[in-house]
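Okay, so the sequence shown: first residue is 942 according to the working numbering, each after it adds one.
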Amino acid sequence: LRMHRNSTTLSTPETYWGQFEEISKYNTHLNVVERLWTAWYAWMQNDVLATGIMSFMMHELIYFGRSLPWIFIDSLGFFKNYKIQSNKVPSLREQWDCAKFVLLSHFTVELPQIW
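What follows is the structure, given as structure tokens:
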């Protein structure tokens, strides 16, 4: 005997934005940020991994994002009178080397501590 099975299944969307669209259809009471957040967890399907990646990415965004305005302000020269070491002006190369070192330490020291 050969059994016929119902071929209709609920398939989950393949992409993050597919998840976002599905969640937006049925959860109209959520605001955009809440839908983005929910879609992230639904798409990842692993709460520990999703939380770890999101917290690390938020940390990097805040850490480096808050320094970008000051790099720009420092390049204007307006605040040079107030520098602690006014005779030491870091070059772009030195700033980039410092940023690379900080990124390396974040990925090798801080990221493993999240898990």
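Glycine residues also receive a C-beta, built at the ideal position from the N, C-alpha and C atoms.
Which of helix, strand or coil DSSP assigns to GLU962: On the sequence shown, position 21 is the one that residue 962 refers to. GLU962: helix per DSSP, three-state reduction.
Three-state secondary structure (DSSP) at ILE1025? In the sequence shown, counting from the first residue as 1, residue 1025 sits at position 84. Of the three classes helix, strand and coil, the one that applies to ILE1025 here is coil, per DSSP.
When burial is assigned at 16 or more other CB atoms within 10 Å of the CB, is ALA1040 buried or exposed? Counted from its first residue, the sequence shown places residue 1040 at position 99. That one is exposed.
Can you give the Cα-Cα distance for HIS1047 and PHE961, rounded to whole angstroms? In the sequence shown, residue 1047 corresponds to position 106, counting from 1. In the sequence shown, residue 961 corresponds to position 20, counting from 1. Their backbone Cα atoms lie some 30 Å apart in a straight line.
Where the alpha helix (DSSP H) containing SER996 begins and where it ends: The residue you call residue 996 lines up with position 55 of the sequence shown. Note, SER996: alpha helix (DSSP H), 988-1006.
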